[in-house]
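Residue numbers (this note's numbering), protein chains in the order written: chain A, 1 to 705; chain B, 1001 to 1343. In this text, a Cβ means the ideal position worked out from N, Cα and C, and glycines have one as well. Small disclaimer: the values here were computed from a predicted structure and weren't measured. Single-structure report; data block below.
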Amino acid sequence: MKSKNSSIVTLFQPKSVAVVGASSQPGKIGYSITRNIIQGGFKGRIYPINPKGGAILGVDCYPSISDIKDEIDVATICVPAKLTFDAVKECADKGVKHVQIITSGFSEIGEVELEHKIVEYARSKGTRILGPNIFGVYSASGNYNSTFSATEILRGNVAILTQSGALGIAMIGKTAVENMGLSAIVSIGNKADIDEADCLEFVMRDQETKVILMYIEGIKEGERFIEAVREATKLKPIVVLKSGRSKRGAMAAASHTGSLAGSDEIFDAIARQSGLLRAENLQEAFNWCKFLAYSPRPKGKNTVIVTNGGGIGVMATDACEKYGVDLYDDQLVLKEVFGPATPEFGSTKNPVDITGGAKAADYDLALSAPTRSEDMNATLALYCETATFDAENLAPMIRDTYGKHLASGKPVAYAVVGGRSVEDAIVQLRKMNVPVFPDVYEAVSCMGALYRYTTMLAERDDRVDDVDMDINTINKIIDGAIADGRTFLLANEGQEVMKASGVMIPGAGIGKSIDECVRLAEQIGYPVVMKVVSRDILHKSDAGGVALDILNKQEVMDAYEAIMKNCRAYKEDAVIDGIEVCEMVQKGVELIVGARRDPQLGPIVMCGLGGIYVEVMKDVAFRAATLNKKEARSMLSEIRSYPLLLGVRGEEQKDIDIVVDTIIKVATIIRKIPRITDIEINPVVVYEQGKGLKAVDVRIIISKS
Amino acid sequence: MNKIVFACTRRSAGKTTIFTGLAKAMGKEVAYMKPFGDRLIYRKKRLWDYDAALLTNLFGLEENPEDMTIGFEHAKLRYVYDEARIKEKLLEVAKSIAKNREVLFIESGKDLAYGVSVYLDPITVAKSLDAKLVLIVGGNDDVIIDDITLFKRYVDTSDINFLGVIINKIHDLDDFKSTYADKIEKMGVPILGMIPYSAELTYFSMDYLSEALFAKVIAGESGLNKVVKNVFLGAMSVNEALRNPLFNKEGKLLITSGDRSDIIISALETNTVGIVLTNNILPPSNIISKAAEKNIPLLLVSSNAYQVAGQIDKMEALLTKDNKEKIALAEKLVKEHVNISAL
């Protein structure tokens, strides 16, 4: 992955900055930004720009940027929209490397042309644009706060990339309350030029960043985005919040930043494929960020739950199933490890119940045990407030046992439920970044996210599988269709594309005479289907132009006779180009395999249950088209009908390998043939293992450009 | 055994109707074959001619209709047979079909030339089977006289037993007899019969129509046996339609789209035997209910009115086995107007 040009690092670690529209009046954005830069500890050169001159917080202003002799790394523009182009022009002419446009009133309200004009001019001079419609950039490593946030930004390990300015500013405040320090926060805004992919390039390598949080509404360059997150998730976990899930949400997102949310289901699939952790809501996202930033990665999948209440223990078990946290269940080992900490009337099964009578010391004993056990990799500790518990020791106990877990390199999350003293303990502990939550699902959700990331890292395979195919032939077919004035391929052309790609298709040919049809039938092998080929006859069956299940030469002759006779009776002047003789596909499991260019996410592939009810059943899975066989297999296994391929009710397993190969081939087509915008093969009839499949009906849409 | 080839100069001269009538009127054990079929039915990989199936049903023939035809399409016949083989096949079929029968009727194709390149035209068939030849002509007077004259002048019947001509569908029988009968006899063409035009023979049932149009019957199934005598295309306002005398004629079929509620309602109240609803447009449910109540079939088709009208216009009102009135009428017409003993 590479940024379009010029180092993005300069945006976050500039040596010199200018604020165009700087103001000495508190309350104005030009003032807030200048103040934050100065008071944020920026060590580079600061140039406030104001035609009236003067000084702001002791720093002299310049009337215009062209009056500055030095080079400027970043210029922040906070002048009204109608003055922005001129301001950008001045900056670009001066050779400013990055311009961040705080001002709103561009594509988010429909002023797309002005935005394009700004970016075009800037790029022509080698200047990159961040925004418009943003609140600025904060970078801990650069000691640089060019946002107009009213709150001081707490330094820490989480980097936030946000498409929403207002939400981003609010998140600054919330992170301070949560004691979640930031390594960076950048507002992407309208993404007229710089986008998340560019910013990821910096934060993924930034030493101060341990976790990245992205808030997204829409994506512009999907392929770049996917490539960028794949690179970044190798190094750091990325938590993503994407809005526009619902139809109304999507519409709201459309009006918010002028972007339309793509299909959420597809984004979800690609997020998982790329290793992103998608949070349901802001609180969950923050919880995950903190947990991922401060927790060690588990070295195995064995999690134990320690609880003083049966009910909350069951809830935690349910939550573990929901969030994919595996519970350790070797009873002998559990008894050995937890026996000394558990009263006789408790339980050493997982969840380990140390009963309602447990005090802090009992908890300490029980929670220390898994830190010493090689068999246990993570702990979930649950506490329900009881009358007998020494409440003043709750927070110290949690702090101490947390420390022991950290020391042993094992993650732990706490869920504590109770009244005032419990709530106070939570607040106190969270300020120290101890992962304690008032709800068991919050705790387990964090552990689930950690496990998902760890597993993803261990199992990830970024290879992209490719196949050789006859691209020249495919392009020639497309050339022919375009010359014909079509934006789709005919059925036989689609079949030719499949042939050129190595996808198995039913044998077929067009016979222009009875003996040609006989020859084709004998060549293809019986049974065959015969269909009239005529551009004047659209409804072949209505015209009596189809004959099925032809078993021998005599039947071929009879069918030929019947088809020709019927079609001439149907439309006397129809031009009949011949009769298509094709292999009659035997019954098998019908799948659908397809690919298309998503307007936001780029080339994607799809597979699922096919046939005539595909639109009703909607049993399909998606991936980005840059995938390998392992990922294709995983995609296939997600569909509800997957057991049909494994074989049910005594049936043999189907040829899953060939289905995987076909998915890869279709993915390769959509990646390598830019003029193909949509492919759908439905049905793909799959047979028993070793017996392959047949792509029966192929629909391909092309574009002229 | 008496073998007779029935030929015609043009399509729809009424061959099938005539020898259905003849077979009934003769009262003999009849066999039937149609060597070169033209009304193909292809189902479950079996091919047979519609007329063969009809005659089989009507006369309870034991033989399979599929065995009564050698082929339907020139290319296939050329592929399988040469001249010698086709003659062999003709003889073989005739022998097997006509076993233990008194009369063998052999129906030829749609006109005299049909099948000549594959040796299945009526003249060649008559020669191959050593059969008699009867020519059937029909149409307006000028067409009839032209066809008979053409036949006499240019067709060599020297080596076949040409029995004569049956003239069908004559609009004014007395006038024709007085004007043309003599002339034809003087040409040396024996007249075996002169049959008047019968409008009833051109009628078809709603059931027949629904099959021909591939229509979906959405109401009035029990009225499918009703007979269409007139066709009215509902392409004007309902006021104008009501003023048109054809709209009030008996046995009316209305062609219109389902959104023409006004004309449909009027039709349901006035001598309508059925309605074809075009463009797949359904009428409101209250109209469908009313049609169902009155047992008036509503046939839904995807084509537009122009296409439907064209299809009906070209449609041949073929005899069906259930149409006992038509069959009885055919028999009556033949008995009254054809010299059966000359056959």
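Beta-carbon of residue i versus every beta-carbon of chain B: anything under 7 Å?
i: residue 524 (chain A); result: no
i: residue 514 (chain A); result: yes
i: residue 542 (chain A); result: yes
i: residue 260 (chain A); result: Summary for residue 260 (chain A): the model assigns pLDDT 35, below 50, so the residue's position carries little reliability; its value from the coordinates is reported in the next sentence. Chain B, which has no Cβ nearer than 7 Å to the Cβ of residue 260 (chain A), makes this no.
i: residue 254 (chain A); result: In this prediction, residue 254 (chain A) has a pLDDT of 47, which is less than 50 and means its spatial position is unreliable; what the coordinates show is noted afterwards. It does not; no Cβ of chain B falls within 7 Å.
For residue i, which beta-bridge partners are listed by DSSP?
i: residue 303 (chain A); result: A:327, A:378
i: residue 622 (chain A); result: A:606
i: residue 221 (chain A); result: Answer by DSSP bridge pairing: none, since residue 221 (chain A) is not bridged.
i: residue 384 (chain A); result: A:417
Which bits of chain A does residue i rub up against, with CB to CB less than 8 Å?
i: residue 1080 (chain B); result: 557
i: residue 1047 (chain B); result: 558, 561, 562
Just the chain A side, please: which residues come within less than 7 Å of residue i by C-beta, in chain order?
i: residue 1073 (chain B); result: 561, 564, 565
i: residue 1214 (chain B); result: 542
Going by DSSP in three states, residue i sits in which element: helix, strand or coil?
i: residue 674 (chain A); result: coil
i: residue 1018 (chain B); result: helix
i: residue 403 (chain A); result: helix
i: residue 100 (chain A); result: strand
i: residue 259 (chain A); result: Confidence at residue 259 (chain A) is low in this model, with a pLDDT of 40, below 50, so the placement of that residue should be treated as unreliable; the coordinate-derived value is given next. Correct three-state label for residue 259 (chain A): coil.
i: residue 679 (chain A); result: strand
i: residue 436 (chain A); result: strand
i: residue 32 (chain A); result: helix
i: residue 344 (chain A); result: coil
i: residue 1067 (chain B); result: helix
i: residue 22 (chain A); result: coil
i: residue 490 (chain A); result: coil
i: residue 475 (chain A); result: helix
i: residue 3 (chain A); result: Only weak support is given to the placement of residue 3 (chain A): the predicted model assigns it a pLDDT of 45, under 50, and the question is left unresolved by the model.
i: residue 128 (chain A); result: strand
i: residue 1203 (chain B); result: coil
i: residue 1007 (chain B); result: strand
i: residue 1149 (chain B); result: helix
i: residue 1196 (chain B); result: strand
Name, please, each residue of chain B whose Cβ falls closer than 8 Å to the Cβ of residue i.
i: residue 511 (chain A); result: Those do not exist, as residue 511 (chain A) stays about 11 Å from chain B at its closest Cβ, beyond 8 Å.
Taking CB distances under 7 Å as the criterion, tell me whether residue i reaches chain A.
i: residue 993 (chain B); result: Residue 993 (chain B) cannot be examined here, being either before or after the span of chain B that is shown, 1001 to 1343.
i: residue 1058 (chain B); result: no
i: residue 1154 (chain B); result: no
i: residue 1197 (chain B); result: no
i: residue 1050 (chain B); result: no
i: residue 1300 (chain B); result: no
i: residue 1120 (chain B); result: no
i: residue 1229 (chain B); result: no
Would the C-beta of residue i count as close to the ligand MG, meaning under 6 Å from any of its heavy atoms?
i: residue 527 (chain A); result: This structure simply doesn't include the ligand MG, nor any ligand for that matter.
Residues of chain A with CB under 9 Å from residue i, in chain order?
i: residue 1076 (chain B); result: 514, 557, 558, 560, 561, 564
i: residue 1373 (chain B); result: Given a span of 1001 to 1343 for chain B in the structure shown, any question on residue 1373 (chain B) remains unanswerable.
i: residue 1089 (chain B); result: Within 9 Å Cβ-Cβ: nothing; residue 1089 (chain B) doesn't reach chain A, min ~14 Å.
Is the beta carbon of residue i less than 7 Å from the beta carbon of residue j?
i: residue 1166 (chain B); j: residue 1192 (chain B); result: yes
i: residue 1305 (chain B); j: residue 1255 (chain B); result: yes
i: residue 1177 (chain B); j: residue 555 (chain A); result: no
i: residue 30 (chain A); j: residue 21 (chain A); result: yes
i: residue 706 (chain A); j: residue 156 (chain A); result: It is not possible to answer for residue 706 (chain A), since the shown part of chain A is limited to 1 through 705.
i: residue 1013 (chain B); j: residue 1168 (chain B); result: yes
i: residue 1340 (chain B); j: residue 1134 (chain B); result: no
i: residue 615 (chain A); j: residue 652 (chain A); result: no
i: residue 1206 (chain B); j: residue 1337 (chain B); result: no
i: residue 212 (chain A); j: residue 236 (chain A); result: yes
i: residue 686 (chain A); j: residue 627 (chain A); result: no
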